[in-house]
Amino acid sequence: MQTAEEEIRATNEELKDSIDRLFTSEERYRNFIHLSTEGIHRWEFRVPMSLDISLEEKAKWLTEKQYLAECNEAFAKMYGFEKPEDILGKRLADLEESEDAALEMNTQFARNNYNWVNFETEEVTKAGERKYFLNNLIGIIENNKLTRLWGTQADITKRKQAEIETLESQRKLESIFRAAPTGIGVVIDRVLVEVNPTDL
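Mapping to this note's numbering: the sequence shown position 14 is 27, numbers consecutive.
See the structure below:
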């Protein structure tokens, strides 16, 4: 039978092991967040949002009452900030081109039941640089109230700009094709698939 001293010692050892596991888990979490190349972010609310209000009220609440509580360096840099500490506490409206842009985003988010998967946004950094992001964002609901949001964000600006340039090139080529005074045909696998209109 254990003495009281042995029980206390055993309890203290268990407590120490639990604390060590907690610190190890916290360290792994911090390293994962810090080293990720994707922007990782958590938004909190000054007051949780009831789900019983109208869509318009929800969008306004999301715009006015949410603030950035946690993010990694990758997320901060996507908006032109050097480190997370420079951006924490800001509202979404502070990061967007205007309050109206933030309100529109929040309307879409609320309409989609607080869940975005691969949702593309066009945003502007604090330096006025236009960026394109691919977002995953989920709202955490407790007791019929939205309490926080967790999300990831990837900068797809280069890919999006390449797509825009490709579309623009295609439009120019099509314009030249349609306006050419001589007949031009497109042949694929020895089959004529398109001919431009001419006055001839």
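No residue lacks a Cβ here, since even glycine has one placed at the ideal position from N, Cα and C.
Please identify the residue among the options whose C-alpha is closest to the C-alpha of residue i.
{"i": "residue 105", "options": "121, 88, 77 and 83", "result": "77"}
{"i": "residue 70", "options": "93, 161 and 122", "result": "122"}
{"i": "residue 94", "options": "140, 83 and 183", "result": "140"}
{"i": "residue 89", "options": "135, 174 and 55", "result": "55"}
{"i": "residue 156", "options": "61, 149, 50 and 27", "result": "61"}
If you run the structure through DSSP and keep just helix, strand and coil, what is residue i?
{"i": "residue 98", "result": "helix"}
{"i": "residue 209", "result": "coil"}
{"i": "residue 203", "result": "coil"}
{"i": "residue 119", "result": "helix"}
{"i": "residue 51", "result": "coil"}
{"i": "residue 182", "result": "helix"}
I want to check one thing, is the minimum distance from the CB of residue i to the heavy atoms of the ligand ADP below 7 Å?
{"i": "residue 52", "result": "No copy of the ligand ADP occurs in the structure displayed, which carries no ligand at all."}
What separation, rounded to the nearest whole angstrom, lies between the Cα atoms of residue i and residue j?
{"i": "residue 119", "j": "residue 185", "result": "36 Å"}
{"i": "residue 84", "j": "residue 197", "result": "55 Å"}
{"i": "residue 147", "j": "residue 178", "result": "19 Å"}
{"i": "residue 79", "j": "residue 57", "result": "6 Å"}
Residues bridged to residue i by DSSP?
{"i": "residue 147", "result": "133 and 167"}
{"i": "residue 79", "result": "58"}
{"i": "residue 162", "result": "56 and 152"}
{"i": "residue 2", "result": "Limits of the chain in this structure are 14 at one end and 213 at the other, which puts residue 2 out of reach."}
{"i": "residue 128", "result": "151"}
{"i": "residue 198", "result": "208"}
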